[in-house]
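Inspection log for the structure reproduced underneath, given as structure tokens.
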Amino acid sequence: MDVLLQHLVLDHVDYGIELGLQAVPIPESKPQQPQIYFFNIVQQSNAIIHLVEKQFNDILVPLVVSTPKYADCLMKKKVLLDQIELKLDTGLDRTINAITGWIKIFLQTEQKKTDFKPETDVDTLTSPACSSVVLYMNSTIKQLRDCLDGNNVEFVMTELGIRFHRVIYDHLLQFQYNSAGAMCVICDVNEYRKCVKELRIPLVLSLFDTLHALCNLLLVKPENLKQVCTDQLAGLERSILLNFIQLRSDYKTQKLANLLKGLSI
Numbered sequence: 013m014d015v016l017l018q019h020l021v022l023d024h025v026d027y028g029i030e031l032g033l034q035a036v037p038i039p040e041s042k043p044q045q046p047q048i049y050f051f052n053i054v055q056q057s058n059a060i061i062h063l064v065e066k067q068f069n070d071i072l073v074p075l076v077v078s079t080p081k082y083a084d085c086l087m088k089k090k091v092l093l094d095q096i097e098l099k100l101d102t103g104l105d106r107t108i109n110a111i112t113g114w115i116k117i118f119l120q121t122e123q124k125k126t127d128f129k130p131e132t133d134v135d136t137l138t139s140p141a142c143s144s145v146v147l148y149m150n151s152t153i154k155q156l157r158d159c160l161d162g163n164n165v166e167f168v169m170t171e172l173g174i175r176f177h178r179v180i181y182d183h184l185l186q187f188q189y190n191s192a193g194a195m196c197v198i199c200d201v202n203e204y205r206k207c208v209k210e211l212r213i214p215l216v217l218s219l220f221d222t223l224h225a226l227c228n229l230l231l232v233k234p235e236n237l238k239q240v241c242t243d244q245l246a247g248l249e250r251s252i253l254l255n256f257i258q259l260r261s262d263y264k265t266q267k268l269a270n271l272l273k274g275l276s277i
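Sequential numbering of the sequence shown, starting at 13, is according to my numbering.
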């Protein structure tokens, strides 16, 4: 038992996880995609831990199950595997932060104000910054699915989706939008929404559906704003609605504040 835990779990698995933790990239100011290795470390660690559990149950348990040593063996294994699980959770959390941190920095440096406030009418297309982020997210989600399983994958997909939504939501609040730009941001959010469908997490998809609906506030005619707020976005806090409406380039010229004074959600 001690040989198994010391030489396989501590000397091999625990050591590998420690190296992996140190290798998780820290988001930097340069928009360079981080290399993510920790998902592979989780996959390999889980495979070895499953083997350890099998060896323990098939070989060791029959020898000690009727002796006082049995409880001691169970406790030793539990303490060590709990320690491994905690380190894996820490690494996954740092990895999600590395992914979303890069996306945040990349959008800050690559998204142009003219994407959402072009001076002339342009063909409505997804912005280049959005396309790059979606490509990166798609490859990340595929890597996740290839490496993780069970509860691990659902937890990580949920956390990644929620943090990704927060990055996109906060990012969109940094810009002003004219009608052509509103069309562009709606296209962008639609691409993000299609991307997160691959996570297969209903909560995350709901968050992006709501964000897509909020972006419609940037496009609809001023006289229709109240109706959109009370019909499609009923239930959202008034402050969230106003935060988006204030991003319209015609907010002051159309006196939208006066128009929305009676808005109560």
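Each residue gets a CB set at the ideal place from its N, CA and C atoms; glycine is no exception.
If you compare the alpha carbons of Leu226, Leu33, Gln95 and Ser78 with that of Thr107, the shortest gap goes to Leu33. With a minimum length of 4 residues, the unbroken runs of alpha helix (DSSP H) contained wholly in the region 33 to 68 fall at 50 to 67.
Under the DSSP assignment, Asp105 falls in the alpha helix (DSSP H) whose first and last residues are Lys81 to Glu122. In the displayed model, Tyr263 falls within coil according to three-state DSSP, outside both helix and strand. If you draw a 10 Å sphere on the C-beta of Met169, you find 16 or more other C-beta atoms in it, and that means buried. DSSP places Ile180 inside the alpha helix (DSSP H), whose first and last residues are Gly162 to Leu184. By a beta-carbon distance limit of 8 Å, Leu104 does not contact Ile29. Their separation comes to about 11 Å. When rounded, the separation of the alpha-carbon atoms in Val91 and Leu22 is 12 Å. Pairing Cys159 with Val25 gives a Cβ-Cβ distance that is not under 8 Å. Taking every protein chain shown into account, the CB of Asn164 has 16 or more other CB atoms within 10 angstroms, so this residue is buried.
Under the 10 Å beta carbon count, Gly247 is surrounded by fewer than 16 other beta carbons and is classified as exposed. The C-beta of Ile48 has 16 or more other C-beta atoms within 10 Å across all chains shown, which makes the residue buried. In the DSSP assignment, Ser218 falls within the unbroken alpha helix (DSSP H) covering Pro214 to Cys227.
Across the structure, Ser143 and Lys209 are spaced so that their CA atoms are roughly 16 Å apart.
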